[in-house]
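Visitor: In the numbering used here, the protein residues as written are -16 to 273.
Every residue, glycine too, gets a C-beta built ideally from N, C-alpha and C.
None of these values were measured; they are calculated from a predicted model.
Written out as structure tokens, the structure reads:
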């Protein structure tokens, strides 16, 4: 069951608690010999809603009205609140530099096996003390190489994702941070033009979430349907799902229309001459850093 909190998010004061940049965590992980990753089980739902706030999280269905007792998805400040709570559990570990936390992902890094076992025990003990549950099927303990934060990491570096690591102590020349793209799937080809453009927005926000969390940003598009997505009065089931998916960005995100005639740089990149052949290496979209 998903609540529609668009109106609430409009009046919610943004919580600017910083979400760490993935590149910083990846650089830290790449120095380790042994790595463990843990994932909080339905992380947001492990946060209790205060009695004062419950009335604002009331949902109405055909068989009654209910109030959330646990923090639901779709609340504007949910990611910031959850990340703050997790950080408060591990202040010493974070300051010592061997623990990384990105929302519901917890990563432990060590140089030796004995050190890793000690640190792992220390983290698990603290998680148990606050009754935070883990998703065991998403946990990996004591690996020398594994996938973390969407990258394959090891003591030798970041593997195929090495090009994404930036030099943190040198200010780069300003320019595009990342280009992303993908080809549409067969089922998505059935969507109309308006739905397709809105799907692009939702996909891009999910893909670049780690850049956009707790930031004010602008979406520039040449399609007016995207600008009206947040306030659409009678959306179909696809549009409604996408509305809910982007609610956490409401208040931080401004959507600006830019005429297609002056949108030529991005438009050119979106017109791939490649075929939708699964044997084509470009069928699976890739990211590229300039």
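Could you tell me which of 98, 132, 72, 130 sits nearest to residue 110, measuring between CA atoms?
Guide: Along the chain shown, read from residue 1 onward, the residue named residue 110 stands at position 127. It is 72 whose Cα lies nearest to the Cα of residue 110.
Visitor: Provide the residue span of the beta strand (DSSP E) that contains residue 17, from first to last.
Guide: Indexing the chain shown from 1 puts residue 17 at position 34. Element bounds for residue 17: 17 to 22.
Visitor: What do you get for residue 51, buried or exposed, if any count of 16 or more other CB atoms within 10 angstroms of its CB means buried?
Guide: Locating residue 51 in the chain shown gives position 68, counting from the first residue. Its Cβ being crowded by 16 or more others within 10 Å, residue 51 is buried.
Visitor: Compute the distance between the beta-carbons of residue 91 and residue 69, then report whether it is under 8 Å.
Guide: Here residue 91 refers to the residue found at position 108 of the chain shown. Here residue 69 refers to the residue found at position 86 of the chain shown. Cβ atoms of residue 91 and residue 69: not closer than 8 Å.
Visitor: For residue 59, does the count of other Cβ atoms within 10 angstroms reach 16, so buried, or fall short, so exposed?
Guide: Position 76 of the chain shown, counted from the first residue, corresponds to residue 59. Buried, because 16 or more other Cβ atoms sit within 10 Å of the Cβ of residue 59.
Visitor: Pull up the DSSP beta-bridge partners for residue 117, would you.
Guide: Here the question's residue 117 lines up with position 134 in the chain shown. Beta-bridge pairing links residue 117 to 23.
Visitor: Can residue 185 and residue 235 be called in contact, C-beta distance under 8 Å?
Guide: Start at 1 with the first residue of the chain shown, and residue 185 comes out as number 202. Start at 1 with the first residue of the chain shown, and residue 235 comes out as number 252. No, Cβ-Cβ distance for residue 185 and residue 235 is not below 8 Å.
Visitor: Per DSSP, what are the beta-bridge partners of residue 88 in this structure?
Guide: Working through the chain shown from its first residue, we reach residue 88 at position 105. For residue 88, which the question treats as bridged, DSSP gives the partners 22, 85.
Visitor: Does the region 96 to 107 come close enough to the region 5 to 22 to have 3 or more Cβ pairs within less than 8 Å?
Guide: Yes, they touch.
Visitor: Given that a residue counts as buried once 16 or more other Cβ atoms are within 10 Å of its Cβ, and exposed if not, what is residue 167?
Guide: By one-based count along the chain shown, residue 167 stands at place 184. By the neighbour-count rule (16 or more Cβ atoms within 10 Å), residue 167 is not buried but exposed.
Visitor: Note down the Cα distance separating residue 31 from residue 54, rounded to an integer number of angstroms.
Guide: Sequence index remark: in the chain shown, residue 31 carries index 48 (1-based). Sequence index remark: in the chain shown, residue 54 carries index 71 (1-based). For residue 31 and residue 54, the distance between alpha carbons rounds to 6 Å.
Visitor: Have a look at residue 44 and residue -2 and give me their C-alpha separation to the nearest angstrom.
Guide: For the purposes of this step, residue 44 is taken as the residue at position 61 of the chain shown. For the purposes of this step, residue -2 is taken as the residue at position 15 of the chain shown. About 29 Å.
Visitor: Between which two residues does the beta strand (DSSP E) harbouring residue 49 extend?
Guide: Residue mapping note: residue 49 aligns to position 66 of the chain shown, counting from 1. 47 to 50 is the extent of the beta strand (DSSP E) around residue 49.
Visitor: Apply the 10 Å Cβ neighbour rule to residue 162 and answer buried if 16 or more other Cβ atoms are within range, or exposed otherwise.
Guide: The residue you call residue 162 lines up with position 179 of the chain shown. Residue 162 comes out exposed.
Visitor: By the three-class DSSP mapping on this structure, what secondary structure does residue 44 have?
Guide: Here residue 44 is taken as the residue at index 61 of the chain shown, counted from 1. Residue state, collapsed to three classes: strand.
Visitor: If we ignore side chains and look at the alpha-carbon of each, how far apart do residue -14 and residue 42 end up?
Guide: Locating residue -14 in the chain shown gives position 3, where the first residue counts as 1. Locating residue 42 in the chain shown gives position 59, where the first residue counts as 1. Roughly 6 Å between the two C-alpha positions.
Visitor: Please determine whether the Cβ atom of residue -5 lies at a distance below 7 Å from any heavy atom of the ligand MN.
Guide: Questions concerning the ligand MN fall outside what the structure shown contains, since it holds no ligand whatsoever.
Visitor: Under the three-state reduction of DSSP, which class applies to residue 212: helix, strand or coil?
Guide: Working through the chain shown from its first residue, we reach residue 212 at position 229. Looking at residue 212 - three-state DSSP - the assignment turns out to be coil, as it is neither helix nor strand.
Visitor: Does DSSP put residue 131 in a helix, a strand or coil?
Guide: By 1-based counting over the chain shown, the position of residue 131 is 148. Looking at residue 131 - three-state DSSP - the assignment turns out to be strand.
Visitor: Where residue 147 and residue 133 are concerned, what is the direct C-alpha to C-alpha distance, given to the nearest angstrom?
Guide: Translated into positions along the chain shown, residue 147 becomes position 164. Translated into positions along the chain shown, residue 133 becomes position 150. Reliability of the predicted coordinates at residue 147 is poor, the pLDDT of 45 falling under 50, and no value is obtained from them.
Visitor: Taking the beta carbon of residue 9 as the centre, do at least 16 other beta carbons fall within 10 Å, making it buried, or is it exposed?
Guide: Stepping through the chain shown from its first residue, residue 9 is reached at position 26. By the neighbour-count rule (16 or more Cβ atoms within 10 Å), residue 9 is buried.
Visitor: Please return the same chain residues whose Cβ sits closer than 6 Å to the Cβ of residue 121, not counting the five positions on each side in sequence.
Guide: Translated into the one-based positions of the chain shown, residue 121 becomes position 138. Taken in chain order, the residues that qualify are 22.
Visitor: Among residues of its own chain, excluding the 5 on either side of residue 113, which ones have a beta-carbon nearer than 7 Å to its beta-carbon?
Guide: Against the chain shown, residue 113 aligns to sequence position 130. The residues are 72.
Visitor: Using CA atoms only, rank isn't needed, just tell me which of 190, 192, 171 is closest to residue 221.
Guide: Position 238 of the chain shown, counting from 1, holds the residue named residue 221. If we check each option's Cα against that of residue 221, 171 comes out closest.
Visitor: Are the C-beta atoms of residue 66 and some chain D residue less than 8 Å apart?
Guide: Annotation note: the requested chain D is absent from the structure, which comprises a single protein chain.
Visitor: Buried or exposed: which applies to residue 12, given that a residue is buried once 16 or more other Cβ atoms fall within 10 Å of its Cβ?
Guide: As a first step, residue 12 must be located in the chain shown, where it is residue number 29. By the neighbour-count rule (16 or more Cβ atoms within 10 Å), residue 12 is buried.
Visitor: If the criterion is Cβ atoms closer than 8 Å, does the pair residue 231 and residue 62 meet it?
Guide: Along the chain shown, read from residue 1 onward, the residue named residue 231 stands at position 248. Along the chain shown, read from residue 1 onward, the residue named residue 62 stands at position 79. Cβ atoms of residue 231 and residue 62: closer than 8 Å.
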